[in-house]
Amino acid sequence: MLVMDNLNNIIATNIAFFRKKSELTQSELASMLNYSDKAVSKWERGESVPDIYVLKQIADIFNITVDTLITPKNLKRVQVSKHISLSKAIIILLSGLLVWLIATITFVVLSYTHVDMAWFSFIVAVPVSLLVVLILTSIWGKKWVFFMLLSLFLWSVFVAIYVGIIKLDLWLIFIIGIPLQIGIILWYILSKHKEKVRKYGK
Numbered sequence: 025m026l027v028m029d030n031l032n033n034i035i036a037t038n039i040a041f042f043r044k045k046s047e048l049t050q051s052e053l054a055s056m057l058n059y060s061d062k063a064v065s066k067w068e069r070g071e072s073v074p075d076i077y078v079l080k081q082i083a084d085i086f087n088i089t090v091d092t093l094i095t096p097k098n099l100k101r102v103q104v105s106k107h108i109s110l111s112k113a114i115i116i117l118l119s120g121l122l123v124w125l126i127a128t129i130t131f132v133v134l135s136y137t138h139v140d141m142a143w144f145s146f147i148v149a150v151p152v153s154l155l156v157v158l159i160l161t162s163i164w165g166k167k168w169v170f171f172m173l174l175s176l177f178l179w180s181v182f183v184a185i186y187v188g189i190i191k192l193d194l195w196l197i198f199i200i201g202i203p204l205q206i207g208i209i210l211w212y213i214l215s216k217h218k219e220k221v222r223k224y225g226k
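So the sequence shown is numbered by this note's numbering: it starts at 25 and just counts up by one.
If you want it as structure tokens, here you go:
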């Protein structure tokens, strides 16, 4: 009985791990298997185990073997992966921070030279730091984070332009951002759809 409970927990842990790695919700996985999300929830809590036919379906969806689903994960590998992710996050934050350091130095230098718009260095720092983080996130980060940052970058550019030449009353430039934002949203939806078609053939 103890061995069976242990197997339940292994399968539960693996289903939850690979589902999240595939960026699927419990409802989405359940729909692919023609089961309810409550069933998937029970599997991930170790309260029940899918039969061998369903395990094979799950393995195919995750592009792994059934053996991988019923084998304990290598905890050291998971821990190393977490450390690598943390290192990448720190590098991204430090890169963004570097932009703000340069903006601060620029502000101080311009203030001493009595430039009226020295403060504008901070306004420019917003889109520039977002661009730096955006580039690194496109390499290392999750897709939804990239698209969220892309939207923030878009609007920060318009704000910087507006604030920089506010005397010309260019508030209408924000209207340009609306179709661009819609384009970003549609691009994200299309990329997610293509990813699912590539992974699951649906």
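Ideal Cβ placement from N, Cα and C applies to all residues, glycine included. No experiment lies behind these values; they were computed from the predicted model shown.
By the beta-carbon neighbour count (other beta carbons within 10 angstroms, threshold 16), residue 43 is buried. For the pair residue 160 and residue 152, the Cα-to-Cα distance works out to about 13 Å. Here the segment 49 to 60 lies against the segment 75 to 87, with 3 or more beta-carbon pairs under 8 Å apart. Excluding the 5 residues flanking it on each side, residue 51 has same chain C-beta neighbours closer than 7 Å at 61, in chain order. The shortest C-alpha to C-alpha distance from residue 114 to any of 201, 144, 165 is the one to 165. At a Cβ-Cβ threshold of 8 Å, residue 163 and residue 93 do not count as neighbours. Going by C-alpha positions, residue 40 is about 44 Å away from residue 127. Residues 66 of the same chain have their beta carbon placed closer than 6 Å to that of residue 72, with the five preceding and five following residues left out of the count.
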